[in-house]
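Numbering (full-length UniProt numbering), first residue to last: 1 to 259. All C-beta atoms, glycine included, are put in the ideal place defined by N, C-alpha and C. Step one of this worksheet: look at the structure below.
Below you can see the structure in the form of structure tokens.
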């Protein structure tokens with residue numbers, strides 16, 4: 001079986017794998033790493049614990065080492081827990097690069113996340129719903145401007161992310177059907193949703209957009225105000241003259257002569 005070197009990985013990445021106890025690539029890594037290094041689209045499917053994350057993290061880190069800039073890579077993941085797990089693998093394997101990552105998930109302060117994005121991390125790991133919020137409401141992150149290899153139009157990405165959010169939150173499909181006909185109808189509905197042809201989905205998507213847009217203006221103003229305040233503080237510190245040291249004053253008692 002070929003090793004990591006035979007897959008085309010650089011020596012420093014092979015050494016990182018060795019230090020972490022990764023001696024031989026798994027089947028999903030054998031299939032994905034060469035394809036990603038060649039710049040081809042890749043779809044990997046394997047069971048839990050088979051090394052799927054390293055299958056894309058390793059070639060991404062190699063590409064990043066050849067031309068390090070931010071934002072280099074966007075990783076979408078369905079849950080917060082997976083986002084943190086993926087970020088940890090990027091940090092451990094990418095330690096020699098001084099990798100900077102940014103986790104964008106729900107339940108966290110959006111202003112703080114927007115400030116992190118403005119610092120241009122190398123890798124962004126995000127859940128679809130929260131990423132859509134940032135794309136709509138902030139000018140600190142743009143797929144079109146930052147991700148040079150991302151060929152999908154931002155409007156299409158927003159629609160996809162919103163549909164994912166709506167399906168996840170509102171389009172509940174009950175799988176406990178009692179008979180064959182109900183199961184057939186459920187599978188048909190599932191296929192319509194996956195293809196974006198569900199008759200109710202577009203209305204729900206628009207309702208979701210309208211609800212989020214109500215919060216956009218205040219959030220955008222808050223981000224811009226924070227950035228301007230930080231910029232003003234930095235400018236003030238640069239233009240402030242250095243403080244003069246206070247002169248030391250010593251008072252000596254008068255010398256009295258003999259009476």
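(message) Helix, strand or coil, according to DSSP, for residue 105 in the structure here?
(response) Under the three-state reduction of DSSP, residue 105 is assigned to coil, being neither helix nor strand.
(message) As an exercise, report each continuous alpha helix (DSSP H) stretch of at least 4 residues that is fully enclosed by the UniProt domain "DEAD-box RNA helicase Q" (2 to 30), in chain order.
(response) Entirely contained in the UniProt domain "DEAD-box RNA helicase Q" (2 to 30), the alpha helix (DSSP H) runs reaching 4 residues are, in chain order, 11 to 19.
(message) To the nearest angstrom, how far is the alpha carbon of residue 19 from that of residue 81?
(response) Annotation: residue 19 to residue 81 spans about 25 Å, alpha carbon to alpha carbon.
(request) Go ahead and pull the three-state DSSP assignment for residue 43. (result) DSSP places residue 43 in coil when its eight states are reduced to three.
(request) Give the straight-line distance between the Cα atoms of residue 3 and residue 9, rounded to the nearest whole angstrom. (result) About 10 Å.
(request) May I ask you to report which of helix, strand or coil DSSP gives residue 61? (result) In the three-state reduction of the DSSP assignment, residue 61 falls in the helix class, which pools H, G and I.
(message) How far does the beta strand (DSSP E) with residue 117 in it extend, from its first residue to its last?
(response) Note, residue 117: premise wrong, no beta strand (DSSP E); alpha helix (DSSP H) at 110 to 118.
(message) Please give the ranges of any alpha helix (DSSP H) in the stretch 62 to 90, keeping only runs that are unbroken, at least 4 residues long and fully inside the region.
(response) With a minimum length of 4 residues, no continuous alpha helix (DSSP H) run stays inside the stretch 62 to 90.
(request) Would you tell me roughly how many angstroms separate the C-alpha atoms of residue 222 and residue 111, rounded to the nearest one? (result) Counting only the Cα atoms, residue 111 lies some 7 Å from residue 222.
(message) So the candidates are 86, 94 and 89; which of them puts its Cα closest to the Cα of residue 66?
(response) The candidate whose alpha carbon is nearest that of residue 66 is 94.
(request) Spell out a yes or no on whether the stretch 28 to 39 and the stretch 74 to 88 are touching, meaning 3 or more CB-CB pairs, one atom from each, closer than 8 Å. (result) Two segments are said to touch when three or more pairs of C-beta atoms, one from each, lie closer than 8 Å; by this definition the stretch 28 to 39 does not touch the stretch 74 to 88.
(message) Please state whether the Cβ-Cβ distance between residue 58 and residue 33 is less than 8 Å.
(response) Contact flag set, yes.
(message) Among the candidates 235, 71 and 134, whose CA atom is the shortest distance from the CA of residue 215?
(response) Ranking the options by Cα distance to residue 215, first place goes to 134.
(request) Please report how far the alpha carbon of residue 6 lies from the alpha carbon of residue 46, in whole angstroms. (result) The alpha-carbon atoms of residue 6 and residue 46 are separated by roughly 21 Å.
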